[in-house]
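Comments concern the structure below.
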Amino acid sequence: MSLRAGRIRCTPALHPKPGQYLVASSPNRANPLPVTLFAAGEAGDELLIAPSLPEPWTVGTLLNIRGALGNGFRLPVTARRVALACFEDTPERLMSLATLALEQGAAVALYTPVIPAGLPAEVEVLPLEQAYEAAQWADYLALEFALPRLGAIRATLRLKVYEPVGCTAQALILVPMPCAHNGECGVCSVSTRAGWKFACVDGPVFDFNTLEAG
Amino acid sequence: MSADDFDVSMLRQELTLTSPWMNAAGMLGFTPPNHWAMPAAAGAFITDPISLAARAPAVSRAVLPYPGGFLLHSGFPNPGLRAVLKQYAARWAQSELPIWVHLMGQNAAEIEQMVRRLEGMEGVMAVEISLPPEMPGNEALNVLQAAYGELPVVVNVPITEAGQSWLGKLAKRGMAAISLSAPRGTVYTDTGRPVSGRLFGPSLLPLTLAAVQSARRWGLPLIAGAGVYSAQDAQQLRDAGAWAVQVDSLLWRNG
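Chains as they are written, first to last, in the numbering used here: chain F, 146 to 359; chain C, 46 to 300.
So this is what it looks like as structure tokens:
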């Protein structure tokens, strides 16, 4: 099933901060699972949604929405060189963080395989293969990836075993969160140095240096 | 007296409910939430499955949608009974809803240890017990016999096992009810890897109705819980002979 970007009109109280998420479902019982939504930005009272909308949802579909949920990115107010690295198919889930960084006067570099539509001109785009430079240049690094790729990402960043990233680094972990902490179902479990955590409530943004392969 | 002669049906612990609606184990965590997205008021709260020792998540945990439903494979991670009691027992004691504690045991000794620990705990009104997949009937009966005691015992089986003949011996052994829950199945991932787990979704309702009709012969109250997505679904199950219904993934969708 292909997933699309889109816009959702909802009360501003539901608007998630960068890295936080919403869960949405349609009244159609043919879709028994709720859908996790990440915002790419805001346009007036509408929320720009990163590609995650299922095909059956069309213009005018009324959704039941819950949020904002989870712990998002914590961009230090002192950060002046912000690097974003997307190891997935689209960096749009990081775009609201890019906007926030620009608003506080930081220089922003985006390491990505794809250039998203509407990317602010102030953002420097770099190939993902150069992401290892980010840890030297940035004073804050935000990454986005699915947990099974952790080893490959550490290799891309040219980190030795147990070597931490040299700056503040946070990671948005992309993992199914079907119960959104309603059931503590454990499907979104993430292994960290502090033990197992649930991405739905403890994340989905984690300190990159605490993540373990699990 | 042999195990087969063991007849405590006259001493069966009775379950009481103020409403036939409840959640299925694994859907709402370990303590009743403030808000339930259910078509009617709940009559009991069922905890997530709890094992004697802590269980880590499955390595290959996954959620795999398919037409009409989805497969969930989690490995039932939980912190173990001792940790659960430490964190939640006080809240169970204050709960307005009866708490039914769902236990997973690998053998009779584990189940007996867990059930005895729960007896007399304020707020705990029943235990629901699920057994490892593929456990032979005789072994299952031994495990369940170990659970018999002060608390009513609800025996949880997948809807696909509603016709298993060993369920016919439960009434004599003092079990209070049978709950019929999500069946197991296998779905392939996009990369061609088969994953087995529990199935959820509205497409299961016809199977649950058939399971209720099949299990009525076992002479115990039936709690039906797979494929319930509306009040109408629940009414159909009640009409088919279910005493109560459990709601599963609808609780996640409507949150």
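Virtual Cβ for every residue (Gly too), placed ideally from N, Cα, C. Predicted model, so just to flag it, every value in this text is computed and none were measured.
**Report entry** Beta-carbon proximity list for Arg332 of chain F, same chain, < 8 Å, skipping 5 on both sides
**Finding:** The sequence as given places Val at residue 332 of chain F; Arg does not occur at that position. Cβ within range, chain order: Val320, Pro321, Met322, Pro323, Cys324.
Query raised in the report: Of all the CB atoms in chain C, is at least one closer than 8 Å to the CB of Ala184 of chain F?
Result: False, the Cβ-Cβ gap to chain C never drops below 8 Å.
Query raised in the report: Once you ignore the five residues that flank Glu357 of chain F on each side, which residues in its own chain have a CB closer than 7 Å to its CB?
Result: Excluding five sequence positions before and after Glu357 of chain F, the CB atoms of its chain that fall closer than 7 Å to its own CB belong to Ser336, Thr337, Arg338, given in chain order.
Query raised in the report: Apart from the five residues on each side of it in sequence, which residues of its chain come closer than 7 Å, Cβ to Cβ, to Pro163 of chain F?
Result: Taken in chain order, the residues that qualify are Gly217, Phe218, Ser241, Leu242, Leu245.
Report task. Run the CB neighbour count on Ala185 of chain F, radius 10 Å, all protein chains shown included, and call it buried at 16 or more, exposed below. Result -> Buried: at least 16 other Cβ atoms inside 10 Å.
Query raised in the report: Among C:Glu157, C:Trp145, C:Leu163, C:Ala82, which residue has its Cα nearest to the Cα of Lys131 of chain C?
Result: Taking Lys131 of chain C as reference, the option from C:Glu157, C:Trp145, C:Leu163, C:Ala82 with the minimal CA-CA separation is C:Leu163.
Query raised in the report: Considering only residues of the same chain and omitting the five flanking positions on each side of Gly168 of chain C, which have a CB-CB separation below 6 Å?
Result: So the qualifying residues of the chain are Trp137, Ala138, Ser140, Ile144.
Query raised in the report: Short check: CB of Gly270 of chain C to CB of Ala85 of chain C, under 8 Å?
Result: No, the Cβ-Cβ distance between Gly270 of chain C and Ala85 of chain C is not below 8 Å.
Query raised in the report: Which term fits Gln165 of chain F, buried or exposed, when burial requires 16 or more other beta carbons within 10 angstroms of its beta carbon?
Result: The residue in question, Gln165 of chain F, is buried, as its Cβ has 16 or more Cβ neighbours within 10 Å.
**Report entry** Proximity test, Cβ basis, 8 Å: Asp93 of chain C and chain F
**Finding:** It does; some Cβ of chain F falls within 8 Å.
Query - the region 193-211 of chain C / the region 251-259 of chain C touching (three or more Cβ pairs under 8 Å) - result: Three or more Cβ pairs drawn from the region 193-211 of chain C and the region 251-259 of chain C lie within less than 8 Å of each other, which places the two stretches in contact.
**Report entry** Buried or exposed (CB count within 10 angstroms, at least 16 for buried), Leu178 of chain F
**Finding:** Classification for Leu178 of chain F: buried.
Report task. Please list the partners that Glu329 of chain F has in chain C, where partner means a Cβ-to-Cβ separation under 9 Å. Result -> The answer, in chain order, is Gly71, Leu73, Gly74, Phe75, Asp93, Pro122, Asn123.
Query - Alpha-carbon to alpha-carbon, Ala134 of chain C and Ala285 of chain C - result: Approximately 36 Å, taken between the alpha carbons.
Requested in this report: With DSSP collapsed to three states, give me the class of Gln281 of chain C.
Outcome: Three-state DSSP puts Gln281 of chain C in a helix.
Query raised in the report: What did DSSP end up calling Gly163 of chain C once you bin it into helix, strand or coil?
Result: According to the sequence as given, residue 163 of chain C is Leu; it is not Gly. Three-state DSSP puts Leu163 of chain C in a helix.
Query - Status (buried if at least 16 other CB within 10 Å, exposed otherwise) for Ala48 of chain C - result: In this prediction, Ala48 of chain C scores a pLDDT of 45, lower than 50, which makes its location untrustworthy; no coordinate-derived value is stated.
Requested in this report: Please classify Leu178 of chain F: does DSSP put it in a helix, a strand, or coil?
Outcome: Coil.
Query raised in the report: Where in the region 165-244 of chain F do unbroken runs of the beta strand (DSSP E), each at least 3 residues long, occur, reported from the N-terminal end onward?
Result: Unbroken beta strand (DSSP E) runs of no fewer than 3 residues, entirely contained in the region 165-244 of chain F, are found at 166-170, 180-182, 184-188, 191-199, 209-214, 226-231, following chain order.
Query raised in the report: How would you label Lys305 of chain F, buried or exposed, when you count the other beta carbons within 10 angstroms and need 16 or more for buried?
Result: By the Cβ neighbour-count rule, Lys305 of chain F is exposed, with fewer than 16 other Cβ atoms within 10 Å of its own.
Query raised in the report: Skipping 5 residues on each side, what residues in its chain have a beta carbon closer than 6 Å to that of Gly311 of chain F?
Result: Only Ala280 meet the Cβ criterion.
Report task. Taking C-beta pairs closer than 8 Å, name the residues in chain C that Arg174 of chain F reaches, listed in chain order. Result -> Simply Pro247, Tyr274, Ser275.
Query - Short-range partners of chain C found in the region 256-273 of chain F, where Cβ spacing is below 8 Å - result: Answer in chain order: no residues at all.
Requested in this report: Assign Tyr233 of chain C to buried or exposed, taking buried as 16 or more other Cβ atoms, counted over all protein chains shown, within 10 Å of its Cβ.
Outcome: Exposed, because fewer than 16 other Cβ atoms sit within 10 Å of the Cβ of Tyr233 of chain C.
Query raised in the report: Between which two residues does the alpha helix (DSSP H) harbouring Lys342 of chain F extend?
Result: For Lys342 of chain F, no alpha helix (DSSP H) encloses it; the enclosing beta strand (DSSP E) starts and ends at 340-343.
Report task. Quick one: grab the DSSP three-state call for Pro239 of chain C. Result -> DSSP places Pro239 of chain C in strand when its eight states are reduced to three.
**Report entry** Distance CB(Arg143 of chain F)-CB(Ala254 of chain F) smaller than 8 Å
**Finding:** Missing from the structure shown is residue 143 of chain F; chain F here goes from 146 to 359 and no further.
Query raised in the report: Given that a residue counts as buried once 16 or more other Cβ atoms are within 10 Å of its Cβ, and exposed if not, what is Gly219 of chain C?
Result: Gly219 of chain C comes out buried.
**Report entry** Amino acids of chain F, ordered along the chain, whose beta-carbon sits closer than 7 Å to that of Ala101 of chain C
**Finding:** Neighbours of Ala101 of chain C on chain F, chain order: Trp341.
Query raised in the report: Is the region 292-303 of chain F in contact with the region 189-200 of chain F, if contact means three or more CB pairs nearer than 8 Å?
Result: As far as the Cβ criterion goes, the region 292-303 of chain F does not touch the region 189-200 of chain F, which means the pair count is below three.
**Report entry** Cutoff 8 Å; reference Arg262 of chain C; Cβ partners in own chain excluding five residues on either side
**Finding:** The beta carbon of Arg262 of chain C is closer than 8 Å to those of Gly213 in its chain, skipping five residues each way along the sequence.
Query raised in the report: For the candidate residues C:Ile174, C:Leu116, C:Thr63, C:Gly71, whose alpha-carbon lies nearest to that of Phe326 of chain C?
Result: It is not possible to answer for residue 326 of chain C, since the shown part of chain C is limited to 46 through 300.
Query raised in the report: What span of residues does the alpha helix (DSSP H) with Leu350 of chain C cover, start to end?
Result: This structure does not reach residue 350 of chain C, given that chain C is present from 46 up to 300, and the question cannot be answered.
Query raised in the report: Relative to the C-alpha of Met159 of chain C, which residue among C:Lys217, C:Ala171, C:Leu126 is closest?
Result: The option with the nearest alpha carbon to Met159 of chain C is C:Leu126.
Report task. Can you grab the Cα-Cα spacing for the pair Ala287 of chain F / Arg238 of chain C, in whole Å? Result -> If you draw a straight line from the Cα of Ala287 of chain F to the Cα of Arg238 of chain C, it comes to about 31 Å.
Report task. Could you pull the start and end residues of the alpha helix (DSSP H) that Arg299 of chain F belongs to? Result -> In the DSSP annotation of this structure, the continuous segment of the alpha helix (DSSP H) that includes Arg299 of chain F starts and ends at 295-301.
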